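Trainee: I'd like to ask you about the structure that follows.
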Amino acid sequence: MSRVLIGMSGGVDSSVAAYLLKEEGYEVIGITMSLFSKDNDQSVIDAKKVCEKLNIEHHVVTYIKEFKNHIIDNFIKSYLNAQTPNPCIECNKYLKFGLLWEEAKKLNCDYIATGHYAKIEDGKLCKIDSPKDQSYFMYKINKEVLNHILLPLNTYNNKEEIRLIAERENLVTARKKDSQDICFIENGDYTSFLENNLDKLPNKGEFVLKNGEVIGHHKGIIYYTIGQRKGLGISYTHPLYVIKIDKNKNQIVLGEEKDLYSNTIIITDINILVDKLPNICEGKIRYKYSPTPCNIEILDTNNIKVRFNEPVKSATPGQALVLYDNDICLGGGTIKDISSE
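Per my numbering, the sequence shown starts with residue 421, numbered consecutively.
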């Protein structure tokens with residue numbers, strides 16, 4: 421019987437994933453990563469209750485320091501560098517599919533598992549035909565771990581189906597509210613989080629148009645992201661959007677909606693999940709965006725130029741550009757430079 425270590429977040433997805441694995445005949449061991457507080461962590465409590473109900477072993481590991489170093493500190497640093505980060509991608513890389521695999525080997529497990537909505541097929545990460553597909557967030561995991569990953573929710577595309585299974589099995593997480601987008605930021609208020617965790621707030625600066633004309637002053641670069649229209653406090657003859665954040669000049673560049681479109685993007689910090697990248701594939705610059713046909717040019721070991729057949733809107737430095745060949749996730753990188761050449 422194969423042993424599998426499943427990450428138990430205390431939510432309904434991982435709870436049902438653990439149940440499904442046990443039904444498939446695996447020897448299942450649950451593990452919960454404590455990332456914030458060593459005491460009274462509700463996620464740990466709920467995960468333990470589910471494991472008791474399923475009659476499976478449960479472990480708790482504390483990764484507060486690792487979570488701060490790799491996820492939270494990187495999140496803060498990115499905003500200070502005029503980037504908009506995606507902490508879930510980093511968490512998947514370092515913790516959920518990194519440290520989790522190290523724990524699995526210690527426990528003599530053959531596999532690790534999570535409640536992610538994606539699919540591993542023939543050693544390749546694949547998207548599933550569902551609005552809930554999460555392969556975009558998983559592109560940065562170690563290629564060598566792919567053959568050791570089980571994703572039992574890969575045939576489900578409706579969260580209500582998952583909740584009904586949990587109710588049927590009397591799992592305490594059946595109607596638990598979904599976790600927020602960024603788990604360490606309460607109510608999604610990232611600006612308050614940054615204000616509370618920075619030693620010094622960034623300086624105020626200028627709002628400028630593309631031609632350099634100064635039309636106002638901004639509160640600090642951490643308060644803005646590419647594509648933003650609301651909350652600028654600028655009155656102008658037509659709607660203005662943030663089209664660039666210039667850290668060196670401490671300027672927020674504003675323009676029209678048409679200025680948000682670009683067709684050439686340089687990505688860096690590359691992670692490739694296949695043996696060889698095709699020259700023609702599809703790229704996805706946001707989780708909820710559809711993949712768009714593109715050509716790729718490998719510049720060096722850590723930079724790729726991506727040219728889209730049709731311009732894409734609001735490509736944002738710090739966000740991920742993930743590449744696909746039909747359903748196969750090829751890998752991707754972090755958006756560095758954007759142009760409309």
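Backbone N, C-alpha and C fix where the C-beta goes; we use that ideal spot for every residue, glycine too.
Since this is a predicted model, take the numbers as computed values, not measurements.
What is the rounded straight-line gap between the Cα of Lys667 and the Cα of Lys624?
Mentor: As a first step, residue 667 must be located in the sequence shown, where it is residue number 247. As a first step, residue 624 must be located in the sequence shown, where it is residue number 204. If I take the Cα positions, the gap works out to 11 angstroms.
Trainee: Lys630: buried (16+ other C-beta within 10 angstroms of its C-beta) or exposed?
Mentor: The residue you call residue 630 lines up with position 210 of the sequence shown. Counting Cβ neighbours within 10 Å, Lys630 comes out exposed, since fewer than 16 surround it.
Trainee: Please list, in chain order, all residues of the same chain as Ile561 whose beta carbon is under 7 angstroms from its beta carbon, the five residues on each side excluded.
Mentor: For the purposes of this step, residue 561 is taken as the residue at position 141 of the sequence shown. If we look at Ile561 and ignore the five residues flanking it on each side, its Cβ neighbours are Asn512, Lys513 and Phe517.
Trainee: Which residues does DSSP list as the beta-bridge partners of Ala533?
Mentor: Translated into positions along the sequence shown, residue 533 becomes position 113. In DSSP, Ala533 forms a bridge with Ile426 and Leu570.
Trainee: Who are the Cβ neighbours of Tyr707 in its own chain at under 6 angstroms, not counting the five residues just before and after it?
Mentor: Numbered from its first residue, the sequence shown carries residue 707 at position 287. Cβ within range, chain order: Tyr556.
Trainee: Going by DSSP, what residue range makes up the beta strand (DSSP E) through Thr688?
Mentor: Position 268 of the sequence shown, counted from the start, is the residue given in the question as residue 688. Taken as a continuous stretch (DSSP letters only), the beta strand (DSSP E) holding Thr688 covers Tyr681 to Ile692.
Trainee: Can you name the residues that DSSP bridges to Asp747?
Mentor: Within the sequence shown, numbered from 1, the residue matching residue 747 stands at position 327. Paired residues: none, contrary to the question.
Trainee: Assuming Ile755 and Pro737 make a contact with CB atoms under 8 angstroms, what is their CB distance in whole Å?
Mentor: Against the sequence shown, residue 755 aligns to sequence position 335. Against the sequence shown, residue 737 aligns to sequence position 317. Indeed, because the Cβ distance is near 5 angstroms, the residues count as touching under 8 angstroms.
Trainee: Residue range of the alpha helix (DSSP H) that Phe456 falls in?
Mentor: Locating residue 456 in the sequence shown gives position 36, where the first residue counts as 1. Premise fails: Phe456 is in no alpha helix (DSSP H) and is neither H nor E.
Trainee: Whose C-beta lies closer than 8 angstroms to the C-beta of Ile496 among residues of the same chain, with five residues either side of it excluded?
Mentor: Mapped onto the sequence shown, residue 496 falls at position 76. If we look at Ile496 and ignore the five residues flanking it on each side, its Cβ neighbours are Leu614, Asn617 and Leu618.
Trainee: Helix, strand or coil for Glu510? Go by DSSP, reduced to three states.
Mentor: By one-based count along the sequence shown, residue 510 stands at place 90. Residue state, collapsed to three classes: helix.
Trainee: With DSSP as the reference, please indicate the residues paired to Ser759 in a beta bridge.
Mentor: Locating residue 759 in the sequence shown gives position 339, where the first residue counts as 1. The partner list for Ser759 (beta bridge, DSSP) reads Thr684.
Trainee: Using 10 angstroms around the beta-carbon of Pro505, count the other beta-carbons present and answer buried if the total reaches 16, otherwise exposed.
Mentor: For this step, residue 505 is matched to residue 85 along the sequence shown. Burial call: buried.
Trainee: Run through the stretch 567–646 for me and flag every whole alpha helix (DSSP H) of 4 or more residues, listed as ranges in chain order.
Mentor: Counting whole runs of 4 or more residues, the stretch 567–646 contains the alpha helix (DSSP H) stretches 579–588 and 610–617.
Trainee: Work out the CA separation of Val673 and Tyr660 for me, nearest whole Å.
Mentor: The residue given as residue 660 occupies position 240 in the sequence shown. The residue given as residue 673 occupies position 253 in the sequence shown. One detail in the question is off: residue 660 reads as Leu in this sequence, not Tyr. Distance between the alpha carbons of Leu660 and Val673: 10 angstroms.
Trainee: Does the distance from the C-beta atom of Asn574 to that of Lys539 stay below 8 angstroms?
Mentor: Indexing the sequence shown from 1 puts residue 574 at position 154. Indexing the sequence shown from 1 puts residue 539 at position 119. Yes, these two residues count as a Cβ contact at 8 angstroms.
Trainee: Closest to Glu510 by C-alpha separation, out of Thr611, Lys488 and Gly653, would be which residue?
Mentor: Counting from 1 along the sequence shown, the entry for residue 510 is found at position 90. Ranking the options by Cα distance to Glu510, first place goes to Lys488.
Trainee: Count the CB pairs spanning the stretch 423–430 and the stretch 523–543 that are closer than 8 angstroms, and state whether there are at least three.
Mentor: As far as the Cβ criterion goes, the stretch 423–430 touches the stretch 523–543, which means the pair count is three or higher.
Trainee: For the beta strand (DSSP E) containing Asp549, name the first residue and the last one.
Mentor: Residue 549 sits at position 129 when you count from the first residue of the sequence shown. Careful: Asp549 lies outside any beta strand (DSSP E) and carries neither H nor E.
Trainee: Would you call Ser612 buried or exposed, if buried means 16 or more other Cβ atoms sit within 10 Å of its Cβ?
Mentor: Here the question's residue 612 lines up with position 192 in the sequence shown. Ser612 comes out exposed.
Trainee: How many angstroms separate the CA atom of Ala594 from the CA atom of Asp553?
Mentor: On the sequence shown, residue 594 is found 174 positions in, with the first residue counted as 1. On the sequence shown, residue 553 is found 133 positions in, with the first residue counted as 1. The straight-line gap from Cα to Cα measures roughly 21 angstroms.
Trainee: Spell out a yes or no on whether the stretch 565–579 and the stretch 460–474 are touching, meaning 3 or more CB-CB pairs, one atom from each, closer than 8 angstroms.
Mentor: The stretch 565–579, when compared against the stretch 460–474, does not touch it at the 8 angstroms Cβ threshold.
Trainee: Looking only at DSSP bridge pairs, what is Tyr656 linked to?
Mentor: Counting from 1 along the sequence shown, the entry for residue 656 is found at position 236. In DSSP, Tyr656 forms no bridge with anything.
Trainee: Could you give the first and the last residue of the continuous beta strand (DSSP E) run that contains Phe728?
Mentor: Within the sequence shown, residue 728 is the residue found at index 308, counting from 1. Residues Asn723 to Lys733.
Trainee: Say whether chain C places a C-beta atom closer than 8 angstroms to the C-beta of Leu500.
Mentor: Any reference to chain C falls outside this structure, which holds one protein chain only.
Trainee: For the beta strand (DSSP E) holding Asp695, just list the boundary residues, first then last.
Mentor: As a first step, residue 695 is located in the sequence shown; it is residue number 275 there, counting from the start. Per DSSP, Asp695 belongs to no beta strand (DSSP E) and is neither H nor E.
Trainee: Find the nearest neighbour of Pro551 within the set Pro711, Asn590, Lys639 and Gly753, judged by alpha-carbon distance.
Mentor: Walking along the sequence shown from the start, residue 551 turns up at place 131. Of Pro711, Asn590, Lys639 and Gly753, the residue nearest in Cα terms is Pro711.
Trainee: Judging by CA-CA distance, which residue of Asn494, Gln671, Lys596 and Ile484 is the nearest neighbour of Gly632?
Mentor: What you label residue 632 is simply residue 212 of the sequence shown in a count that begins at 1. Selected option, being the one with the closest Cα: Gln671.
Trainee: In or out: Asn567 buried (at least 16 other Cβ within 10 Å) or exposed?
Mentor: Indexing the sequence shown from 1 puts residue 567 at position 147. Asn567 should be labelled exposed.
Trainee: Assign Gly518 to one of three DSSP states: helix, strand, or coil.
Mentor: Numbered from its first residue, the sequence shown carries residue 518 at position 98. Gly518: helix per DSSP, three-state reduction.
Trainee: Examine the ligand ATP and report whether any of its heavy atoms sits within less than 7 angstroms of the Cβ of Asp530.
Mentor: As for the ligand ATP, it is missing from this structure, which has no ligand bound.
Trainee: In its own chain, which residues sit with a C-beta less than 6 angstroms from the C-beta of Ile705, not counting the 5 before and 5 after it?
Mentor: Translated into positions along the sequence shown, residue 705 becomes position 285. Excluding sequence neighbours, Ile705 sits near Val732, Ala735 and Leu741.
Trainee: Quick one: give me the first and last residue of the alpha helix (DSSP H) that Asp493 is part of.
Mentor: Here residue 493 refers to the residue found at position 73 of the sequence shown. Asp493 to Leu500 is the span of the alpha helix (DSSP H), which, as asked, contains Asp493.
Trainee: Do three or more CB pairs link the stretch 436–455 to the stretch 466–484 at distances below 8 angstroms?
Mentor: A contact exists between the stretch 436–455 and the stretch 466–484.
Trainee: Quick one: Cα of Val726 to Cα of Leu519, how far?
Mentor: Along the sequence shown, one-based indexing puts residue 726 at 306. Along the sequence shown, one-based indexing puts residue 519 at 99. The alpha-carbon atoms of Val726 and Leu519 are separated by roughly 31 angstroms.
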